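Asks: One structure coming up, written as structure tokens, with questions to follow.
Protein chains: 2
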Amino acid sequence: MDNIPVPRLYTGIKGKNIDKRMTRTEKISPLAPANLPDFPEITGVMLATAATGVKYQGRDDLLCVAFPDGATVAGLLTRSKTSSAPVDFCRRNLATGGKARALLVNAGNANAFTGKAGDVAMMSTVRALAKKIGCETHEIYISSTGVIGEVLDSEKITVHMDEITRMLSASGWPAAARAILTTDTFAKGAVRRTDIGGVPVKISGFAKGSGMIAPDMATMLAYVFTDADISQDILQSLLKEAADKSFNSITVDSDTSTSDTLLAFATGQAGNGRIKHAGDPALANFRMVFQDLLLDLAQQVVRDGEGASKFIEITVTGAEDDRAAKVIAMSIANSPLVKTAIAGEDANWGRIVMAVGKAGEAADRDRLEITIGGQKVTEYGMAVPGYDEAACTRHLKGREIVISVDVGVGGGAATVWTCDLTHGYIDINADYRS
Amino acid sequence: MDNIPVPRLYTGIKGKNIDKRMTRTEKISPLAPANLPDFPEITGVMLATAATGVKYQGRDDLLCVAFPDGATVAGLLTRSKTSSAPVDFCRRNLATGGKARALLVNAGNANAFTGKAGDVAMMSTVRALAKKIGCETHEIYISSTGVIGEVLDSEKITVHMDEITRMLSASGWPAAARAILTTDTFAKGAVRRTDIGGVPVKISGFAKGSGMIAPDMATMLAYVFTDADISQDILQSLLKEAADKSFNSITVDSDTSTSDTLLAFATGQAGNGRIKHAGDPALANFRMVFQDLLLDLAQQVVRDGEGASKFIEITVTGAEDDRAAKVIAMSIANSPLVKTAIAGEDANWGRIVMAVGKAGEAADRDRLEITIGGQKVTEYGMAVPGYDEAACTRHLKGREIVISVDVGVGGGAATVWTCDLTHGYIDINADYRS
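Given below as structure tokens:
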């Protein structure tokens, strides 16, 4: 199906200008993939959406996903010191056994930075859902995304508990992927099929966010679902490993939200054999495909980065170790000067040299090699004599930019993904009052 | 005298688009101070400038400052791992006794990332100047600022050595402050008078830079001169202390240059008594005034931040210690979302909460207090009921923005200074091709 823009008509509280940007209407990002994938049913996963009117009119903004008894959950949550109440709740629940019976997500109000009143509002929705599902409150996972600093009116959500739990369906995926959006310009989803020890399993996921870049309104949320039979500790280990090379390797503007949440649910209905440990050879395919799916979702978030006109892949090799390579790659990816140079289609590799230098990790200035669009532009710590700058510029005029840097000291490597920094970013984040 | 714009006519090498931004002409920053100060003569400091034509036409771009035998020098240099040849040279010289007989600065070519050829070019100018002055090469301090990646044509500089050393004068200060500029929109200087143990001493300084934000072209350079009699180790200690609360407490866009240099020279001609150690009570006034002058220069650099329309002071209190407070303050100052909100005159304090959270230092979300323009807008981890948002917006419509944040965990405090992030920044750094 087509990625039609999500209506974002705002009807919030007068005078709260932190909400104004919700009124912006915007074209789909030029970097968007053509369509949402065709989501298959995943045995044990049931979904439904509803329209609460908390912020938006004319669209669903509440998602409920239910799981059978025995489903496991793993998760990674923002490391922000000002994390939201829902994030803290999920963190506590993950620590108490990792059984999940339901996920509830509302879009439009992050219920973050709202003190005790925010906790009370959240727990009232959690209790209402646990009662309908017939489970413990610690088996409920909850996310809220939207405005910071306004207490969520929980009645607007609890009033839909009866309806939404009655509507649960195995085919509610596209509506689910849309219901969680806020400032996104397109819905984000990915689907994979693989096997565990020869038994077919499916993995599907959806995400929201225009990067980790709009913590007052939009945040990064991602949910992955599989019918594999897989214990919490193994799922957590796979999720950590895959997230390091996907969601933790993307950046739009270096701003980390108070609500970032990545949850993976496994219903255990596929009938694969018992997996003994995270290194079990039966998991080889699953591990690879799981990571591929997470990377797909993460890259879709970058492709919806606020104001983005180019998708940028940055690979660093020759660093002291993989960690150092990632620090350097992120220093390049977060540099406003590198990002504006790429927006301007300017082969300004001096700024890449600068960003390598400021990263603080070991780099041999006199062995630094920079490659742009496959062409080496510097080696031995200086420009390659007579390199073809026109070819470099042609590459930068495209939408998919590939940069690699060898820092000449070791065997560490990492790849990260980002977007450029354009007038669109300033428009969205500074000018929306005008 | 008035701060007239510096002509920036570029005549560089065809096809090197990394130079294009030197062609931009630009109005003086709206945040600029009215005038350069009236520089007094400082006994022992002699200055001269010349026009080399390395990059610019119609303006002086080479500065020479000479000091008498016995002058001391202290310095702080960029921690970039890709630092320039001149930075490395100054670092070596500082480690070998800290005697200075001359400073040479050229604007238009940073002689950075130019391999061995860059070293050779630099040493040829150093030797030419040492011969004219009659000193050792390790008594020469050198800075180059401008384009990265082009070897400096040293002959264009050495040909002026005779002329520039003959022209040295005690009154050459305003010309000196102008000769070192690149993309700056105004010249930056500061002057103070104080005493050491009752003996009058003078301190003057000048700086260049539109922040640490344009490492291909402009970098932060600052030079401070005093007639005080003060040993290198004590001067270094004072400089480190003062820089931590001035140059190391400013940011424009978080990008650190390959050439950042701060040097302090003391001619020893004031006739003050011997200072025994950095804690000597006779230094109390000097220490205070020295720091005040460095802060003045550092704030002028922020006021010339690329595209800046607002000067922002951010104070963090209640942190675990002063270091943690500075990390949090810098996290706020470098957040693109905070900077764009202020550009948009939007009292979006949710973004400040986010920036505190992502800093990684201890903060008590439920005791967080944010004050904007003197008005407390959050306390107990949520909005102050009924705070006057109109007053907040009025404050943000001004040019001088004051924000303070108490994170509620300890006694650590720090203040940093930055500017907003505007379309002007994107214009300068991405759009100059068009």
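Residue numbers (the working numbering), protein chains in the order written: chain A, 1277 to 1710; chain B, 1277 to 1710.
Think of the CB as a built atom: it goes at the ideal place given N, C-alpha and C, for glycine as much as any other residue.
Source: prediction; values computed, not measured.
I want to see whether chain A comes within less than 8 Å of A1595/B, judged by CB atoms only; does it?
Replies: So no, A1595/B is outside the interface.
Asks: Residues of chain B with a CB under 9 Å from the CB of T1527/A: which are they?
Replies: Going along chain B, no residue has its Cβ under 9 Å from T1527/A, so there is no contact; the nearest lies around 11 Å.
Asks: Pick out the complete beta strand (DSSP E) segments inside the stretch 1450–1516 of chain A, 3 residues or longer, and give them in chain order.
Replies: With a minimum length of 3 residues, the continuous beta strand (DSSP E) runs that stay inside the stretch 1450–1516 of chain A are 1464–1472, 1475–1484 and 1497–1502.
Asks: Expressed to the nearest angstrom, what Euclidean distance is found between the alpha-carbon atoms of R1300/B and D1505/B?
Replies: Any reading at R1300/B needs caution, since the residue's pLDDT is 37, under 50, leaving its predicted position unreliable; the model's value is listed next. C-alpha separation (whole angstroms): 43 Å.
Asks: Quick one: using the 10 Å Cβ neighbour count with 16 as the cut-off for buried, is N1705/A buried or exposed?
Replies: Result: buried.
Asks: Going by beta carbon distance, what residues of the same chain come within less than 6 Å of A1406/B, once the five residues before and after it are set aside?
Replies: Result list for A1406/B: T1413 and I1416, in chain order.
Asks: By how many angstroms is the C-alpha of A1554/A removed from the C-alpha of L1511/A?
Replies: Roughly 8 Å between the two C-alpha positions.
Asks: Quick check on T1372/B: buried or exposed, where buried means 16 or more other Cβ atoms within 10 Å of its Cβ?
Replies: That one is exposed.
Asks: Once you ignore the five residues that flank T1287/A on each side, which residues in its own chain have a CB closer than 6 Å to its CB?
Replies: With a pLDDT of 27 at T1287/A, under the threshold of 50, the predicted position of this residue should be treated as unreliable, though the coordinate-derived value follows. Excluding positions up to five away in sequence, the list reads Q1333.
Asks: Using 8 Å as the Cβ pair cut-off and three pairs as the minimum, do the stretch 1535–1555 of chain B and the stretch 1442–1455 of chain B touch?
Replies: Verdict: no, contact absent.
Asks: Flag F1389/B as yes if its beta-carbon sits less than 8 Å from any beta-carbon of chain A, otherwise no.
Replies: Yes, F1389/B counts as interfacial toward chain A.
Asks: On the three-state DSSP scale, how would you describe I1318/A?
Replies: It is coil, neither helix nor strand.
Asks: Short of 9 Å Cβ to Cβ, which residues in the stretch 1623–1639 of chain B face chain A?
Replies: Cβ contacts with chain A: A1623, N1624, W1625, G1626, R1627, V1629, M1630, A1631, V1632, G1633, K1634, A1635, G1636, E1637, A1638 and A1639.
Asks: Verify the CB distance criterion: does S1530/A have a CB-CB separation below 8 Å to chain B?
Replies: Yes, its Cβ sits closer than 8 Å to a Cβ of chain B.
Asks: Would you report the Cα separation of R1403/B and G1544/B, rounded to the nearest angstrom?
Replies: So the alpha carbons of these two residues sit roughly 25 Å apart.
Asks: Residues of chain B with CB closer than 9 Å to the CB of S1611/A, please, in chain order.
Replies: Simply D1529, S1530 and D1531.
Asks: Would you say A1494/A lies against chain B (beta-carbon separation less than 8 Å)?
Replies: Only weak support exists for where A1494/A lies, its pLDDT of 39 falling under 50; the value from the coordinates is given anyway. By this cut-off, A1494/A is not an interface position.
Asks: Should M1658/B be flagged as near chain A, meaning a C-beta pair shorter than 8 Å?
Replies: Judged by the 8 Å Cβ criterion, M1658/B is in contact with chain A.
Asks: Can you pull the chain B neighbours of H1699/A, defined as C-beta to C-beta under 7 Å?
Replies: Per Cβ cutoff of 7 Å: H1699 and I1702.
Asks: Within the 8 Å Cβ cut-off, does I1260/A reach chain B?
Replies: No statement about residue 1260/A is possible, as the shown extent of chain A runs from 1277 to 1710 and does not include it.
Asks: May I ask you to report which of helix, strand or coil DSSP gives G1626/A?
Replies: Helix at G1626/A.
Asks: Quick check: A1466/A and L1457/A, are their CB atoms within less than 8 Å of each other?
Replies: For A1466/A and L1457/A, no; Cβs fall outside 8 Å.
Asks: By the 9 Å beta-carbon criterion, what residues does the stretch 1410–1439 of chain A contribute toward chain B?
Replies: Flagged, chain order: V1423, I1424, G1425, E1426 and V1427.
Asks: Just the Cα atoms here: how many angstroms apart are L1339/B and I1418/B?
Replies: Near 10 Å, if we compare the C-alpha coordinates of I1418/B and L1339/B.
Asks: Measuring only the C-alpha atoms, how far is G1394/B from K1357/B?
Replies: For G1394/B and K1357/B, the distance between alpha carbons rounds to 17 Å.
Asks: Round the Cβ separation of N1387/A and A1397/A to the nearest angstrom and send it over; I've been treating them as touching at under 8 Å.
Replies: Yes, N1387/A and A1397/A are in contact; Cβ-Cβ is about 6 Å, under 8 Å.
Asks: I'd like to confirm the pairing. Which residues does DSSP put opposite Q1651/A in its beta bridges?
Replies: According to DSSP, which records beta bridges pairwise, Q1651/A is partnered with I1648/A.
Asks: List the residues of chain B that A1687/A touches, going by C-beta distances under 7 Å, in chain order.
Replies: Note on residue identity: the sequence assigns Gly, not Ala, to residue 1687/A. Ordered by position in chain B, no residue passes the 7 Å Cβ test against G1687/A, which lies about 18 Å from the chain.
Asks: Using the Cα positions of G1320/B and L1515/B, report the straight-line distance between them to the nearest angstrom.
Replies: Near 20 Å, if we compare the C-alpha coordinates of L1515/B and G1320/B.
Asks: Going along chain B in order, which residues have a C-beta closer than 8 Å to the C-beta of R1641/A?
Replies: By Cβ distance, chain B contributes K1357, T1358, S1359 and F1389.
Asks: Please determine, among D1622/A, M1630/A, G1633/A and V1500/A, the residue with the shortest C-alpha to C-alpha distance to L1571/A.
Replies: Among D1622/A, M1630/A, G1633/A and V1500/A, the Cα nearest to that of L1571/A belongs to V1500/A.
Asks: Do you know how far the Cα of E1676/A is from the Cα of M1298/A?
Replies: Unreliable positioning characterises M1298/A in this predicted model, as indicated by a pLDDT of 37, which lies under 50. A coordinate reading is not provided.
Asks: Count the other CB atoms within 10 Å of the CB of M1606/B; is the residue buried (16 or more) or exposed (fewer)?
Replies: Buried, by the Cβ-count rule.
Asks: Going by CA-CA distance only, name the one from Q1575/A, E1596/A, T1593/A and G1686/A that's closest to K1586/A.
Replies: Residue Q1575/A is the option with its Cα nearest to K1586/A.
Asks: For V1685/B, collect the residues of the same chain with a Cβ closer than 7 Å to its Cβ; drop the 5 residues on either side in sequence, then sort them by chain order.
Replies: Hits under 7 Å: G1594, A1595, E1596, A1638, A1639 and D1640.
Asks: Using a C-beta to C-beta distance shorter than 9 Å, which residues of chain A count as neighbours of T1458/B?
Replies: Neighbours of T1458/B on chain A: none; closest Cβ ~13 Å, over 9 Å.
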